[in-house]
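Trainee: Numbering (this note's numbering), first residue to last: -12 to 199. Questions regarding the structure given below will be posed in turn.
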Amino acid sequence: MSDQEPVTIDIVSDVVCPWCYLGKSNLEKALQEYQDPVIIRWHPFQLDPTIPREGVDRKTYMANKFPDPSYLQNAHERLLNLGKANGLKFDFEAIQKSPNTLDAHRLIQWAGEIGKQDQIVNSLFKAYFEQGRDIGDHAVLIEIASAHGFEKKDIEKKISGDDDVNSVRAEIEEAKRLGISGVPFFIFNRKLATSGAQPPEQLLAAIKQAQA
């Protein structure tokens, strides 16, 4: 084990981004090879902040976003194959709603305060992409939070209010100001960055380079 300071990995992500789910899986594989401890911090991004807080019908939304159905079908097939290779069970047919992810990002921010960001992020990805659950629904967010150590009454009160809405939005705007327009976006020790669901070996190389 190295006696150097742990590498800090900042990940800008949206929980409705399938490439972010793959990117997380690839990073986990890279870290199995790296073995030394790292610090992982998740940061918010919204692929579409214009979606109303109650969400919209996914099929209608995707049809408007991708008018060519063959494009979406091919993208889903590619993601299904990549997911299978990574042990991720994408089920796009199960997803009924495209949610606004602002409240999910608020939960991720609060999870950072108790050292549970990675677990919460993983549960959100799994709930949405593998179980087709609406991660804009407060009941779903409360259930996920409660499973990871949050007091149910506390999280019910926070999620129903406006706690950290402005700070999450400000962080998203800061990411855009820095030129981040797509996710996942990985920043290693604040000196090296890479975007997209890069393969594990590339992420591992970036971690080692950042540590040097």
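Ideal Cβ positions, reconstructed from N, Cα and C, are used throughout, including at glycine.
Run through DSSP, which three-state label would K76 get?
Mentor: Note: K76 maps to coil in three-state DSSP.
Trainee: Nearest-angstrom Cα distance between E160 and K139?
Mentor: For E160 and K139, the distance between alpha carbons rounds to 30 Å.
Trainee: Rounded to whole angstroms, how far is the Cβ of L191 from the Cβ of Y21, which I believe are closer than 8 Å?
Mentor: Correct: roughly 6 Å between the Cβ atoms.
Trainee: Report yes if the C-beta distance between R40 and N109 is below 9 Å; otherwise report no.
Mentor: Taking 9 Å as the Cβ cut-off, R40 and N109 do not qualify as a contacting pair.
Trainee: Please tell me whether D55 and S85 are closer than 9 Å, where the distance is taken between their beta carbons.
Mentor: Not closer than 9 Å, so no.
Trainee: If I'm right that A132 touches I142 with Cβ under 8 Å, what's the distance once you round it to whole angstroms?
Mentor: About 4 Å; that satisfies the 8 Å criterion.
Trainee: Run through the DSSP bridge pairs and tell me what F173 is partnered with.
Mentor: F173 is bridged to I(-2), T181.
Trainee: How should D149 be labelled, buried or exposed, when 16 other C-beta atoms within 10 angstroms of its C-beta is the threshold for buried?
Mentor: With fewer than 16 Cβ atoms within 10 Å of its Cβ, D149 is classed as exposed.
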